[in-house]
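Down below is the structure, laid out as structure tokens.
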Amino acid sequence: MGQKDGTIAGSVAQSDHDKWYRELFAPSVTAGILEATDLAGYRNHPVYIRRSMHVPPNYQAVRELIPTFFDLLQNEKEPAVGVVLGHYFFVYIHPYMDGNGRMGRFLMNVMLASSGYPWMVVPVEQRAEYMAALEEASVNHNITPFADFLAGLIDPAT
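Sequential numbering of the sequence shown, starting at 24, is according to the working numbering.
This is how it looks when you write it as structure tokens:
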């Protein structure tokens with residue numbers, strides 16, 4: 024990956040991520056999937072992830088972890104590292120009641136776009152591999168399979 028200014032994405036993400044979350048998930052409130060209060064901010068009780076051994080940090084820690092997360096994004100100079108760590112740490116923290124994976128992928132794409140790369144989509148046929156790599160990173164603290172998986176999605180023509 025080349026260097027553009029991925030640090031700007033960290034600043035923009037910090038100021039706009041709550042707005043993006045509300046806009047992305049407002050239809051879920053309309054459909055009755057989420058409560059309107061779920062879009063009002065970070066979670067205020069424990070969450071558990073289906074089919075995962077990862078237990079997200081205590082909800083009381085989220086308000087301390089998120090600013091640290093955005094500091095990481097703003098200070099990381101290498102776009103590839105920002106893309107991988109940005110996605111991973113956001114999902115690891117799991118700040119919202121629902122939609123953390125989708126928001127993590129959205130933030131990953133903000134980082135990619137700010138560095139001059141096209142958006143990346145995890146093909147449905149590779150979802151199990153993606154989830155296994157994310158699980159390995161979250162549970163066993165081995166981020167290499169996750170980084171390799173994301174690297175494999177990048178179109179070599181870019």
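The beta carbon of each residue, even a glycine, is placed where N, CA and C say it ideally should be.
- Counting other Cβ atoms within 10 Å of its Cβ, H117 reaches 16 or more and is therefore classed as buried.
- Leaving aside the five residues that flank V52 on each side, the residues in its chain whose CB is nearer than 6 Å to its CB run, in chain order, A59.
- In the DSSP assignment, R86 falls within the alpha helix (DSSP H) that extends over 82-98.
- Taking C-beta atoms as the reference points, V106 and L173 count as a pair closer than 8 Å.
- DSSP, reduced to helix, strand and coil, places P69 outside both helices and strands of the structure shown, so it counts as coil.
- Shown here, S161 sits in a helix according to DSSP, grouped into three states.
- In this structure the segment 125-142 touches the segment 96-111; the number of beta carbon pairs closer than 8 Å is three or more.
- Taken in chain order, the unbroken stretches of alpha helix (DSSP H) that lie wholly in the segment 118-158 and span 4 residues or more are 123-137.
- Across the set P69, N81, L130, R74, the C-alpha of L130 shows the shortest separation from the C-alpha of D39.
- Taking C-beta atoms under 8 Å as the contact rule, Y119 and R66 qualify, at a distance of about 6 Å.
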